[in-house]
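As they're listed, the protein sequences go chains C and A. Just so we're aligned, residue 1 is where the first sequence starts under the working numbering, counting upward by one. Just so we're aligned, residue 640 is where the second sequence starts under the working numbering, counting upward by one. Using N, Cα and C, we set each Cβ at its ideal position, and we do this for glycine too.
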Amino acid sequence: MPNHGAYPLRSLEDLQAVAELGRQRISPAQPKIMIGMATCGQAAGATEVLEAVREVVAQDKLPYVVSETGCIGWCSQEPLLDICIPGRPRVTYGRVTPARARQIIRALPEPKPQWALATMPGDENTLTGYYTSYLAGEDTPLRGVKSYRDLPLFKRQLRIVMRNCGLIDPASFEEYIARGGYTALWQALRTQTPQQVVDGVTKSGIRGRGGAGFPTGRKWQTVREAPGSPKYVICNADEGDPGAYMDRGVLEGDPHSVLEGMTIGAYAMGASEGIIYVREEYPLAVARMKDAIRQSEVAGLLGANIFGSGFGFTVRVVTGAGAFVCGEETALIRSIEGKVGEPQQRPPYPAVRGLNGKPTCINNVETWANVPVIIARGGEWFASIGTPGSKGTKVFSLVGNIENTALIEVPMGTTLAEIVYEIGGGIPGNRECKAIQTGGPSGGCIPASKFNLPVDYDSLTAAGSIMGSGGMIVMDDHTCMVDIAKYFLGFLEDESCGKCFSCREGTQRLKEIVQRISEGHGVDEDLVLLEELSWMVREVSLCGLGQTAANPVLSTLRYFREEYLEHIHHQRCPAKVCRQLITFAIDPVTCNGCGACVQVCSGKAILGEKNKLHTIEQAHCTKCGACMDICKFDAVTVN
Amino acid sequence: MPTLTMNGITVEVERGTTLLEAAQFLGLPIPTLCHEDGLAPYGGCRLCVVEVVNGAKKSLQSSCTYPALDGLQVFTHSARVEKARRLLVELYVATCPQSKRIQDLASAMGVRQVRYDAKHEHCIQCGLCVRMCEQQMMAGAIGFSGRGLHREVTRPFDTTSDTCRQCGACLYICPVCELRCAGPDAESTLCNGCLNISTACFQTYDNAMCSLDPCHACEIDGPFRADVRVKLQPQIEFPVLAKK
Chain C
1 MPNHGAYPLR SLEDLQAVAE LGRQRISPAQ PKIMIGMATC GQAAGATEVL
51 EAVREVVAQD KLPYVVSETG CIGWCSQEPL LDICIPGRPR VTYGRVTPAR
101 ARQIIRALPE PKPQWALATM PGDENTLTGY YTSYLAGEDT PLRGVKSYRD
151 LPLFKRQLRI VMRNCGLIDP ASFEEYIARG GYTALWQALR TQTPQQVVDG
201 VTKSGIRGRG GAGFPTGRKW QTVREAPGSP KYVICNADEG DPGAYMDRGV
251 LEGDPHSVLE GMTIGAYAMG ASEGIIYVRE EYPLAVARMK DAIRQSEVAG
301 LLGANIFGSG FGFTVRVVTG AGAFVCGEET ALIRSIEGKV GEPQQRPPYP
351 AVRGLNGKPT CINNVETWAN VPVIIARGGE WFASIGTPGS KGTKVFSLVG
401 NIENTALIEV PMGTTLAEIV YEIGGGIPGN RECKAIQTGG PSGGCIPASK
451 FNLPVDYDSL TAAGSIMGSG GMIVMDDHTC MVDIAKYFLG FLEDESCGKC
501 FSCREGTQRL KEIVQRISEG HGVDEDLVLL EELSWMVREV SLCGLGQTAA
551 NPVLSTLRYF REEYLEHIHH QRCPAKVCRQ LITFAIDPVT CNGCGACVQV
601 CSGKAILGEK NKLHTIEQAH CTKCGACMDI CKFDAVTVN
Chain A
640 MPTLTMNGIT VEVERGTTLL EAAQFLGLPI PTLCHEDGLA PYGGCRLCVV
690 EVVNGAKKSL QSSCTYPALD GLQVFTHSAR VEKARRLLVE LYVATCPQSK
740 RIQDLASAMG VRQVRYDAKH EHCIQCGLCV RMCEQQMMAG AIGFSGRGLH
790 REVTRPFDTT SDTCRQCGAC LYICPVCELR CAGPDAESTL CNGCLNISTA
840 CFQTYDNAMC SLDPCHACEI DGPFRADVRV KLQPQIEFPV LAKK
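Right, dumping it as structure tokens:
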């Protein structure tokens with residue numbers, strides 16, 4: 001990071017000077033090309049697109065700025081490429097290939113509206129509350145291209161945590177400051193006492209975003225009052241739920257927001273050391289975070305005497321080795337201490353005796369990222385968003401059988417129907433929505449008939465699920481709920497730490513019973529046993545993982561009991577998923593003998609010559625379903 | 640010094656005492672498989688769970704690790720606790736049917752059926768051997784590896800350990816490495832042989848433990864028999880016991 005002569009930053013004026021540099025980077029005088037280079041983008045091929053763009057710009061000696069950005073949340077359209085031309089709306093292109101990227105760049109300033117996904121005429125920064133327009137004059141919409149403001153996916157969103165994701169270069173300290181970054185830290189350190197900061201957070205009503213929903217203000221107050229020194233603040237970024245990537249999106253798209261939140265929290269609680277516990281499987285997030293820490297240290301925003309206030313704070317990154325249970329706070333602390341990651345008895349709570357036996361505040365990535373906004377705009381403003389019991393917004397990763405796979409941030413209290421049918425765009429292929437799974441493996445399935453449920457901590461708990469960290473898996477009518485329960489139990493039997501007999505053995509036995517049912521060998525008594533065993537595992541286990549481990553079974557049993565009974569009484573899987581209960585056959589009328597299924601059948605179970613009727617020999621059929629996927633004429637049926 | 644009530648009895652204990660120690664001080668027997676005096680509390684077997692009322696929150700907590708805090712209300716043998724322990728012991732028998740200690744617990748608690756397939760897995764991972772080796776024998780030659788399904792007690796890298804002095808303390812302390820007692824039906828998962836020893840039953844109370852422990856009379860011809868759950872009125876009043 002170049003030293004602009006302003007470092008270390010000591011005053012608001014110093015921040016303004018850096019912000020000016022950042023503004024020049026965000027909206028330079030020449031056209032700017034931005035590529036979403038978060039892990040999701042890279043997985044979809046953004047690295048190749050970036051290379052192609054750089055190559056074209058260099059070859060043709062074009063006066064364009066090429067920049068990386070984080071994930072804006074439109075996962076189904078990755079890799080995303082954005083063109084920002086001064087005085088004109090930002091134009092987003094989706095599913096860009098290197099070849100198409102070259103064509104787009106070479107055609108500039110002609111915007112190629114036939115390929116464009118959306119235009120962004122400006123953006124609202126929730127930290128400052130100001131709307132910035134990109135336009136020089138009138139908004140001249142591109143032919144047939146919708147504005148972000150009119151897209152169902154973005155229309156209902158309110159971005160507090162993701163305020164900078166997809167808008168700034170996450171590697172640029174200046175761009176973060178240009179978007180109002182670190183002013184909240186200055187405000188807290190120079191104009192408020194630590195108690196005032198805690199009071200502000202308490203007033204905001206924010207509850208922990210990691211899943212359990214403990215009031216953050218109350219936790220901060222406890223740590224602040226707890227005797228002992230040094231105190232620690234920890235950022236829990238050990239995100240491990242299948243299909244959930246909210247924290248990754250924030251760490252990769254806006255690492256400084258987490259750092260700023262932690263520094264404010266440390267000041268409020270009197271902590272001198274911060275630790276960011278990230279899972280090893282997020283290499284880009286780890287790199288971005290380490291980069292951000294280094295930048296902040298150079299700028300004097302970490303270290304001794306921040307903003308000349310006399311308050312000092314350091315942060316380091318600790319990478320976790322991939323155990324799901326280390327997201328549980330006491331296990332996480334043990335993991336940082338270098339011990340086996342197993343949960344411990346609470347009380348004593350980490351707020352009183354945590355890391356190295358000292359008071360420790362553990363909050364999730366999202367909670368920390370909310371803090372600067374709460375300080376900048378006040379607790380009252382934050383408390384005005386959401387429902388009486390759950391304030392603010394929540395980031396969800398919307399995945400599964402859904403049109404718009406996306407990372408979204410909506411105010412608490414948005415109903416599931418709005419999320420699935422409006423923001424998510426419904427179910428692809430004109431299928432029926434069956435259920436939504438919230439809260440990761442410890443969560444539960446909520447049936448489509450309950451979709452008028454507002455999403456907040458208490459409603460989800462009452463419906464037998466949990467808020468969790470924010471994963472949402474949408475399931476269509478081709479999903480078997482017994483199979484889903486079996487999948488999550490399989491995950492949990494692997495990821496239980498194994499300390500409590502009830503959880504270790506309980507999850508294995510639950511899976512054993514559910515497996516038996518899915519194979520058609522279940523009996524009526526199995527359901528009673530499932531319920532009793534689930535009750536015991538929930539009541540007796542030590543930590544949150546064990547106490548919620550039976551949720552996949554309990555919630556599917558509660559809402560989809562008849563599906564279990566169908567498996568037990570008639571040995572039939574209504575969704576046609578459970579392998580032992582289905583048979584594949586070829587419809588003699590529709591089959592034209594193309595031979596495609598014969599080619600893909602791994603068990604050599606399909607007989608028949610070219611242009612003649614094919615038949616499946618059941619004895620050799622492994623029920624993999626490959627024939628069904630390949631058949632263009634829907635001649636393969638499943639019963 | 641924290642003051643709490645256990646089964647209705649008010650007790651004052653030293654700071655740092657666990658609920659299990661407080662219960663033992665009062666003579667309330669709580670079953671456990673992973674606790675041994677002289678070894679650090681672990682909380683792995685979950686058999687010692689008791690019902691803790693802390694403010695408005697009622698939950699089951701392992702008494703060997705839960706600290707005795709001021710104002711707690713503890714029930715060591717409430718219906719909820721008993722049900723949880725019975726289900727837990729049923730699971731223990733299915734996992735390790737050859738252990739006499741587990742079979743005895745099953746008999747004492749009236750576990751009359753095992754609805755799971757027997758596994759004959761010897762280790763219940765109570766961690767006693769690991770703690771014995773580390774905390775009493777000062778060797779630390781064995782430990783846990785893996786997690787969940789793949790967790791096991793083993794030596795480092797599964798090889799012969801130079802640290803192990805082959806003292807046998809791990810074998811000595813293990814609650815399940817033992818020969819099965821020859822009950823009437825030794826081959827089945829559940830033994831329940833001790834149930835044939837019949838004793839007279841005096842009183843029963845809701846949410847309170849039976850003072851004759853182990854006593855199996857209730858199971859055979861008492862009020863807790865599975866088919867006739869008749870409630871007897873207590874004839875003698877014991878003021879210390881909490882009645883519902």
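Reduced DSSP category for residue i - H, G, I as helix; E, B as strand; rest coil
i	result
C/SER147	strand
C/LYS499	coil
A/LYS722	helix
A/GLY710	coil
A/LEU643	strand
C/ILE385	coil
C/ILE335	Sequence inspection shows Ser at residue 335 of chain C; the Ile mentioned does not correspond to that position. Looking at C/SER335 - three-state DSSP - the assignment turns out to be helix.
C/VAL514	helix
C/VAL317	strand
C/SER133	strand
C/LYS450	helix
C/VAL18	helix
A/SER698	strand
C/ALA376	helix
Unbroken alpha helix (DSSP H) run spanning residue i, endpoints
i	result
C/CYS627	626-630
C/ILE436	Where C/ILE436 is concerned, there is no enclosing alpha helix (DSSP H), although the beta strand (DSSP E) it sits in stretches over 433-438.
C/ALA43	39-44
A/VAL692	Premise fails: A/VAL692 lies in the beta strand (DSSP E), 688-693, not in any alpha helix (DSSP H).
Range covered by the beta strand (DSSP E) that runs through residue i
i	result
C/LEU117	116-120
C/GLY546	C/GLY546 -> not in any beta strand (DSSP E); alpha helix (DSSP H) instead, spanning 544-548.
A/GLY782	782-784
C/ILE659	Because chain C in this structure spans residues 1 to 639, residue 659 of chain C falls outside the shown range and cannot be described.
A/GLN742	That residue, A/GLN742, is in no beta strand (DSSP E); its alpha helix (DSSP H) goes 739-748.
C/PHE396	393-400
C/ILE446	444-447
C/MET475	471-476
Contact with chain C by residue i, beta-carbon distance below 7 Å
i	result
A/THR838	Unreliable positioning characterises A/THR838 in this predicted model, as indicated by a pLDDT of 49, which lies under 50. The coordinate reading is nonetheless provided below. Answer no: the Cβ-Cβ gap between A/THR838 and chain C never drops below 7 Å.
A/VAL688	yes
A/ARG685	yes
A/ALA723	yes
A/GLY682	yes
A/PRO853	Because the pLDDT of A/PRO853 is 47, which lies under 50, any placement of that residue in the model is unreliable, and the question is left without a value.
A/LEU730	yes
A/ARG754	yes
A/ARG787	Reading off the sequence shown, one finds Gly at residue 787 of chain A, where the question assumed Arg. Chain C contact via Cβ: present.
A/ARG804	no
A/THR799	no
Selected residue, minimal CA-CA separation from residue i, among the options
i	options	result
C/GLY228	C/LYS358, C/ILE168, C/LEU151	C/LYS358
C/LEU12	C/ILE306, C/SER496, C/VAL598, C/GLN599	C/ILE306
A/CYS762	A/PRO680, A/SER717, A/GLY677, A/CYS816	A/CYS816
C/GLY444	C/ASN452, C/THR461, C/ARG431, C/LEU117	C/THR461
C/GLY490	C/PRO552, C/VAL528, C/LYS434	C/PRO552
is_contact[residue i, chain A] using C-beta, thresh 7 Å
i	result
C/SER502	yes
C/ASP494	yes
C/GLY498	yes
C/ARG509	yes
C/VAL56	no
C/MET536	yes
C/GLN221	no
Original post:
Could you give the uninterrupted runs of the beta strand (DSSP E) lying entirely in the segment 197-279 of chain C, keeping only those of 3 residues or more?
Top reply: Those beta strand (DSSP E) runs which fall completely within the segment 197-279 of chain C and span 3+ residues are 232-237, 273-279.
Original post:
Quick one: complete beta strand (DSSP E) runs, 3+ long, within the segment 47-125 of chain C?
Top reply: Fully contained in the segment 47-125 of chain C are the following beta strand (DSSP E) runs of length 3 or more, in chain order: 65-69, 81-84, 90-93, 116-120, 122-124.
**OP:** With a floor of 4 residues, list each alpha helix (DSSP H) that falls wholly inside the segment 547-633 of chain C, ordered by position along the chain.
**Re:** Within the segment 547-633 of chain C, the complete alpha helix (DSSP H) runs of at least 4 residues are 551-559, 561-570, 596-600, 626-630.
Original post:
Of all the alpha helix (DSSP H) runs that stay within the bounds of the segment 750-803 of chain A, which reach a length of 4 or more residues?
Top reply: Counting only runs of 4 or more, we get 767-770.
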